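Undergrad: Take this structure first; my questions come after.
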Amino acid sequence: MRRRLCRRLGEGKKGGMVLARRRLFVLWLRGDHLYWMVVGLSLLVGVWLYSQPAIWTNLPLSGLVSGKKVAIDAGHGGDDPGARSREGLLEKELNLDIALRLKRFLSRVNVYCVMIRETDCDFSEGPEQLRHQKRQDLINRVRMAGQSGADIYLSLHANSFPESRYRGAQTFYGPGNPDSRRLAEAIQKQLVGRLGPNNRRAKPGNFRVLQDSRMPAAIIEVGFLSNPEEAALLGRPEYRERVAEAICQGVIDYFSGRG
């Protein structure tokens, strides 16, 4: 009886040890599985962050730009198409596309965007001659930006020249306005850095929208539609995305005092 009892007790003890080992093994498997799940998730997050535009590296600075208001004016529109590339790309359509992309980027850092136009329209009044219509259109654009209470005014355009060899994005600011100059230079730096090197710099310009604006203002010529290679780039959505991103980063640099 004692032998049988001891044998049974021994078998029970051994069985209990095996069962405990199995439980530990299962727990180890579950813990190991959880570990690799965490590692995999971390890698996925890292890859996603790496794939995001470089603008997200400036999110800690968003407190310096959050709540700012930017007036974005897509140049031309309506009966005024602006410049045209050989392939038929219209400046008014290009300007609006980049303006809407810029709005999306700025909204990510809590900047409020005042869109002067979001459709194919102009702001001329009455049946005046074309020259007077354009003048009235520009006056109304600046007036709308001023009435919005925006902190800065950005006018988006595309360049054109009879000779096709000229290329490169460039910004302009009103003479004698240091804040406008700092804004234009901050954007110019980002355009050159993100779109490729060129020898163009921010320059003063006697343009009506710059003269009439009471806030820091800059005209941004995103490239030359008269240059076949640059016009082809501007026709690509991914390139226009980079243009908008560069402008946005320049605005962030300006508001954060780095411009």
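Using full-length UniProt numbering, you'd call the opening residue of the sequence shown number 1 and step up by one each time. Ideal placement from N, C-alpha and C gives every residue a C-beta, glycine not left out. Remember, it's a predicted structure, so these values are computed and weren't measured experimentally.
Would you kindly check if the distance between the Cβ of V142 and the Cβ of S213 is under 8 Å?
TA: Within the sequence shown, residue 213 is the residue found at index 213, counting from 1. Within the sequence shown, residue 142 is the residue found at index 142, counting from 1. Result yes, Cβ atoms of S213 and V142 sit closer than 8 Å.
Undergrad: Rounded to a whole number of angstroms, what is the C-alpha to C-alpha distance between R123 and A232?
TA: Stepping through the sequence shown from its first residue, residue 123 is reached at position 123. Stepping through the sequence shown from its first residue, residue 232 is reached at position 232. Note on residue identity: the sequence assigns Phe, not Arg, to residue 123. A straight-line Cα-Cα distance of about 29 Å links F123 and A232.
Undergrad: Pick from E241, A145 and G67: whose alpha carbon is nearest that of R101?
TA: Your numbering for residue 101 matches position 101 in the sequence shown. Nearest option by C-alpha distance: E241.
Undergrad: Run the CB neighbour count on residue 260, radius 10 Å, all protein chains shown included, and call it buried at 16 or more, exposed below.
TA: Since the first residue of the chain shown is 1 and the last is 259, residue 260 is not available in this structure.
Undergrad: Alpha carbon to alpha carbon, how far is L154 from L210? Give it in angstroms, no decimals.
TA: Translated into the one-based positions of the sequence shown, residue 210 becomes position 210. Translated into the one-based positions of the sequence shown, residue 154 becomes position 154. Spanning the two alpha carbons is a distance of roughly 10 Å.
Undergrad: Given G235, which residues of its chain have a CB within under 6 Å of its CB, disregarding the five upstream and five downstream residues?
TA: As a working note, residue 235 is residue 235 in the sequence shown. Within the same chain, G235 has close Cβ partners L89.
Undergrad: Could you give the DSSP three-state label for residue 320: helix, strand or coil?
TA: There is simply no residue 320 to check, as the chain begins at 1 and stops at 259 in what is shown.
Undergrad: Ordered along the chain, which non-local residues of its own chain (more than five positions away) have a Cβ less than 6 Å from that of A145?
TA: If you number the sequence shown from 1, residue 145 lands on position 145. These residues qualify, in order along the chain: A71 and Y153.
Undergrad: What separation, rounded to the nearest whole angstrom, lies between the Cα atoms of F161 and S85?
TA: Position 161 of the sequence shown holds residue 161. Position 85 of the sequence shown holds residue 85. The alpha-carbon atoms of F161 and S85 are separated by roughly 11 Å.
Undergrad: Out of Q188, R182 and L156, which one is the CA nearest neighbour of Q170?
TA: For the purposes of this step, residue 170 is taken as residue 170 along the sequence shown, with counting starting at 1. Nearest option by C-alpha distance: Q188.
Undergrad: Tell me which residue opens and which closes the alpha helix (DSSP H) that M144 is part of.
TA: Within the sequence shown, numbered from 1, the residue matching residue 144 stands at position 144. Taken as a continuous stretch (DSSP letters only), the alpha helix (DSSP H) holding M144 covers L130 to Q147.
Undergrad: DSSP three-state label for A244, please.
TA: Here residue 244 is taken as the residue at index 244 of the sequence shown, counted from 1. It is helical.
Undergrad: Can you give the Cα-Cα distance for R194 and S164, rounded to whole angstroms?
TA: Residue 194 sits at position 194 when you count from the first residue of the sequence shown. Residue 164 sits at position 164 when you count from the first residue of the sequence shown. Going by the C-alpha atoms only, they are around 23 Å apart.
Undergrad: Which value, in whole angstroms, describes the spacing of the CA atoms of L156 and Y166?
TA: Indexing the sequence shown from 1 puts residue 156 at position 156. Indexing the sequence shown from 1 puts residue 166 at position 166. Taking the straight line joining both Cα atoms gives about 19 Å.
Undergrad: Distance, Cα to Cα, R131 vs A158?
TA: Here the question's residue 131 lines up with position 131 in the sequence shown. Here the question's residue 158 lines up with position 158 in the sequence shown. The straight-line gap from Cα to Cα measures roughly 20 Å.
Undergrad: Need the endpoints of the beta strand (DSSP E) that E185 sits in, please.
TA: On the sequence shown, residue 185 is found 185 positions in, with the first residue counted as 1. Per DSSP, E185 belongs to no beta strand (DSSP E); it is in the alpha helix (DSSP H), P178 to L195.
Undergrad: Is the CB-CB distance between D120 and K68 below 8 Å?
TA: Position 120 of the sequence shown, counting from 1, holds the residue named residue 120. Position 68 of the sequence shown, counting from 1, holds the residue named residue 68. No, they are not a contact pair.
Undergrad: Would P197 and P175 qualify as a contact pair, given that the criterion is a beta-carbon distance under 8 Å?
TA: Counted from its first residue, the sequence shown places residue 197 at position 197. Counted from its first residue, the sequence shown places residue 175 at position 175. In this structure, P175 does not lie closer than 8 Å to P197 by Cβ.
Undergrad: Strictly by DSSP, which residues pair up with A217?
TA: Here the question's residue 217 lines up with position 217 in the sequence shown. Its beta-bridge partners are Y153.
Undergrad: Taking 8 Å as the limit between beta carbons, can you name the residues of its chain near Q221, skipping five residues before and five after?
TA: For the purposes of this step, residue 221 is taken as the residue at position 221 of the sequence shown. Sequence check: residue 221 is Glu here, not Gln. For E221, the CB contacts under 8 Å within the same chain, skipping 5 residues up- and downstream, are H157, A158, N159, A169, Q170, T171 and F172 in chain order.
Undergrad: To the nearest angstrom, how far is the alpha carbon of S256 from that of D179?
TA: Taking the first residue of the sequence shown as position 1, residue 256 is located at position 256. Taking the first residue of the sequence shown as position 1, residue 179 is located at position 179. Cα to Cα, S256 sits roughly 13 Å from D179.
Undergrad: Nearest to C248 by alpha carbon, out of E118, Q190, A202 and D73?
TA: Within the sequence shown, the letter at position 248 stands for residue 248. Of the listed residues, the one whose Cα sits closest to C248 is Q190.
Undergrad: Going by DSSP, what residue range makes up the alpha helix (DSSP H) through D212?
TA: Translated into the one-based positions of the sequence shown, residue 212 becomes position 212. Annotation: the continuous alpha helix (DSSP H) that includes D212 extends over R208 to D212.
Undergrad: Rounded to whole angstroms, what is the Cα-Cα separation between K92 and F224?
TA: As a working note, residue 92 is residue 92 in the sequence shown. As a working note, residue 224 is residue 224 in the sequence shown. It is roughly 14 Å from the alpha-carbon of K92 to the alpha-carbon of F224.
Undergrad: Using the Cα positions of L106 and I219, report the straight-line distance between them to the nearest angstrom.
TA: Taking the sequence shown and counting its residues from 1, one reaches residue 106 at position 106. Taking the sequence shown and counting its residues from 1, one reaches residue 219 at position 219. Going from the Cα of L106 to the Cα of I219 covers about 17 Å.
Undergrad: Starting from A71, follow the beta strand (DSSP E) in both directions and report where the run begins and ends.
TA: Taking the sequence shown and counting its residues from 1, the one referred to as residue 71 is at position 71. Unbroken beta strand (DSSP E) run through A71: K69 to A74.
Undergrad: Just tell me which of N177, L64, D73 and R182 has its CA closest to the CA of Q117.
TA: Taking the first residue of the sequence shown as position 1, residue 117 is located at position 117. According to the sequence shown, residue 117 is Arg rather than Gln. It is D73 whose Cα lies nearest to the Cα of R117.
Undergrad: Specify, as a first and last residue, the run of the alpha helix (DSSP H) that A231 falls within.
TA: Along the sequence shown, one-based indexing puts residue 231 at 231. Here the alpha helix (DSSP H) through A231 covers P228 to L234.
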